[in-house]
Amino acid sequence: MASLATLPAEILIQIFENKILTPIDLASCSKTCIRFTNIISLNIKLHYTFRVDYFTQSAWKLIRCLLINPQIGERFKKISVAWHRRERRDDNTWTWKWDWTQDELIKIYDICEYWGLEGVYSAIEDGLDSEALLPLLLCLTPNLESLDLGNASAEIIYDPYGYSGKDVREIYNVCAGTYYEWDPERSYKPGKQLGSGSKPPGYPLWVYRAFNPDNLPPGLLNIREFSHGCCIHQRHMNSWPIENIAKILALPNLKVLKLAGATKPQEPRRPPRSQKSTEIETKKSSIEQLELLDCWLPTASYKTIAKLTGGSLESFKCILPVTPRRWFDPPSSLTRAAETEAEIKYTFLQSNVGTLSLGCVDVTGRPPPQPTRHFPHRGYPISYGEEFYWYSDYDCEWEDRHRDEEDMGDSVATKTRNIKWGQTKNINGGKTRRAGFVI
Numbered sequence: 006m007a008s009l010a011t012l013p014a015e016i017l018i019q020i021f022e023n024k025i026l027t028p029i030d031l032a033s034c035s036k037t038c039i040r041f042t043n044i045i046s047l048n049i050k051l052h053y054t055f056r057v058d059y060f061t062q063s064a065w066k067l068i069r070c071l072l073i074n075p076q077i078g079e080r081f082k083k084i085s086v087a088w089h090r091r092e093r094r095d096d097n098t099w100t101w102k103w104d105w106t107q108d109e110l111i112k113i114y115d116i117c118e119y120w121g122l123e124g125v126y127s128a129i130e131d132g133l134d135s136e137a138l139l140p141l142l143l144c145l146t147p148n149l150e151s152l153d154l155g156n157a158s159a160e161i162i163y164d165p166y167g168y169s170g171k172d173v174r175e176i177y178n179v180c181a182g183t184y185y186e187w188d189p190e191r192s193y194k195p196g197k198q199l200g201s202g203s204k205p206p207g208y209p210l211w212v213y214r215a216f217n218p219d220n221l222p223p224g225l226l227n228i229r230e231f232s233h234g235c236c237i238h239q240r241h242m243n244s245w246p247i248e249n250i251a252k253i254l255a256l257p258n259l260k261v262l263k264l265a266g267a268t269k270p271q272e273p274r275r276p277p278r279s280q281k282s283t284e285i286e287t288k289k290s291s292i293e294q295l296e297l298l299d300c301w302l303p304t305a306s307y308k309t310i311a312k313l314t315g316g317s318l319e320s321f322k323c324i325l326p327v328t329p330r331r332w333f334d335p336p337s338s339l340t341r342a343a344e345t346e347a348e349i350k351y352t353f354l355q356s357n358v359g360t361l362s363l364g365c366v367d368v369t370g371r372p373p374p375q376p377t378r379h380f381p382h383r384g385y386p387i388s389y390g391e392e393f394y395w396y397s398d399y400d401c402e403w404e405d406r407h408r409d410e411e412d413m414g415d416s417v418a419t420k421t422r423n424i425k426w427g428q429t430k431n432i433n434g435g436k437t438r439r440a441g442f443v444i
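Numbering of the sequence shown is given in the numbering used here, commencing with residue 6 and proceeding in unit increments.
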């Protein structure tokens, strides 16, 4: 049997390009011999996971490595972004402040100034929000073909129950290494609460600063696949402004675009920075496949997107967001929803005559979640569906506790039947309980 080192370079390239091999595996293989080192360094492209605010500070370490050896950035083919924001109640997620050297800051400033990213430099210099490093990373990865932003979270601190301005200051002091006494479980006053624990709808991201049509960084010139948002019914807090869709469609070599959670901006804390929006809106896109999932867009925005596709679109999929139907809504509301779906479908077909066929267009509206919880006192189960908790993060521990309480309540409820208001009865080991309703 022939030795692995004696195989032709073409076969070795196919072996090393196997998706099963991680960057760590490739690094180990490159240490085997000089031949493997040359093949891997020159031919094998990397799929890198960029972890925002991860406690190991891997994002800042990557930029430091690329500043020393920029040739490593040429091997990046795909970047997927994973979000690890600081959670207010978990101090293990509080990533410490990153300190740059003076030489590194000079190099970073020169790169930002050359590509028109001066506004991002201050956030990079602070060393707290590693999401600000994404525009800089796009300047150092010229061969990038795929970018997946995932379920982005713009707020540097995450808490579904909200947090106060004092929380922000104290977490900052801990991350900067100047304060160590902090109890995340203590009660706090909601007087200075900043909102729902994350960004308001439409809060922009640093990465879209790099989407300047007049001065695109090298990492965006060859992008063929782009995605933002990872699921249907993602957290409402992770929505993002629709004005960025036009910037994405203006990428010169874009072929596949998947978007989820786009919405109309509502009081963004950073002012919108759409440069030369009139030129962006008139430029045709080269996109071939488009997916819009759970995006809160007005009908006029769908028409604008259809015009930007420029007659090159070959596949279009759209899943409209949930619009819960109230009990007093007239039956005509269902008819209007069907008319909206038909209008969107017709708009894209009309804008892409000759490339987009009716069989390649899928526009559907998701029905509101159906009833899954069981109330013992009602005597029958009610199903809310698997996506009952899609507005917030699902808490399995809370569900277990609540199920235990229901089981306990089931045994108690059997002893309190036919008890009228004002009556009491000894139940559950001699304890007295006042009846609240009649079953």
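Yeah, the Cβ is synthetic: ideal placement off N, Cα and C, and Gly gets one too.
In this structure, DSSP gives Ile68 a helical state, which the three-state scheme calls helix. Rounded to whole angstroms, the Cβ separation of Ser290 and Ala265 is 19 Å, and the two are not in contact under 8 Å. Lys350 has its alpha-carbon roughly 9 Å from the corresponding atom of Leu363. Residues of the same chain with a CB within less than 6 Å of the CB of Asp153, apart from the 5 flanking positions on each side, are Ser85 and Ser232 in chain order.
For Ala14, the CB contacts under 7 Å within the same chain, skipping 5 residues up- and downstream, are Ile44 in chain order.
Secondary-structure assignment with DSSP links Glu92 through a beta bridge to Tyr163.
About 6 Å separates the Cβ atoms of Asn217 and Gly121, confirming a contact at the 8 Å cut-off. By the criterion of a C-beta distance shorter than 6 Å, Glu230 is surrounded in its chain by Ser151 and Val261, once the five residues flanking it on both sides are discounted. By the neighbour-count criterion, in which 16 or more other beta carbons inside 10 Å mark a residue as buried, Leu139 falls on the buried side. An exposed status is given to Leu110, since fewer than 16 other beta-carbon atoms sit within 10 Å of its beta-carbon. Fewer than three beta-carbon pairs drawn from the region 160-172 and the region 71-85 are found closer than 8 Å, and the two stretches are therefore not classed as touching.
Nearest in C-alpha terms to Trp103, of all of Tyr53, Trp65 and Ile73, is Trp65.
The C-beta distance from Leu149 to Ile228 rounds to 6 Å, short enough to fall under 8 Å.
The alpha carbon of Asp96 has as its nearest neighbour, out of Ile176, Leu354 and Glu296, the alpha carbon of Ile176.
Around the beta carbon of Phe353, 16 or more other beta carbons sit within 10 angstroms, so the residue counts as buried.
Under the three-state reduction of DSSP, Tyr59 is assigned to coil, being neither helix nor strand.
In terms of Cα proximity to Leu26, the closest of Asn74, Lys50 and Leu9 is Lys50. Per DSSP, reduced to three states, the secondary structure at Tyr126 is helical. With contacts defined by Cβ atoms closer than 7 Å, Arg91 and Trp99 form a contacting pair. Residue burial annotation: Cys117 is buried, with at least 16 other C-beta atoms found within 10 angstroms of its C-beta. Among the bridge pairs identified by DSSP, Tyr177 is matched with none. Taking 4 residues as the shortest admissible run, the region 102-152 contains the following complete alpha helix (DSSP H) segments, listed from N- to C-terminal end: 107-119, 123-131 and 138-144.
The residue from Leu17, Cys38 and Trp88 with its alpha-carbon nearest to that of Leu210 is Trp88. In this structure, the straight-line span from the alpha carbon of Glu296 to that of Phe321 is close to 6 Å. The beta carbon of Leu325 sits closer than 6 Å to those of Gly370, all from its chain and outside the five residues before and after it, given in chain order. For Leu262, the uninterrupted beta strand (DSSP E) run begins and ends at Val261 to Ala265, by DSSP. Taking every protein chain shown into account, the CB of Tyr166 has fewer than 16 other CB atoms within 10 angstroms, so this residue is exposed. When secondary structure is reduced to three states using DSSP, Thr352 falls in the helix class.
Taking a C-beta distance under 7 Å as the contact criterion, Thr309 and Ile292 do not qualify as a contact pair. For Thr304, same chain residues with a beta-carbon under 8 Å away, outside a window of 5 residues either side, are Thr345, Glu348 and Ile349 in chain order. For Leu361, the three-state secondary structure derived from DSSP is coil. Following the DSSP letters along the chain, one finds Lys322 inside the beta strand (DSSP E) bounded by residues Ser320 to Leu325. The three-state reading of DSSP puts Leu298 in strand, counting E and B together.
Taking the Cα positions, Lys112 is about 22 Å away from Leu226. Cα atoms of Gly132 and Gly234: separation of roughly 25 Å, rounded to the nearest angstrom. The closest CA to that of Cys38, considering only Asp115, Ile253, Thr183 and Ala10, is found on Ala10.
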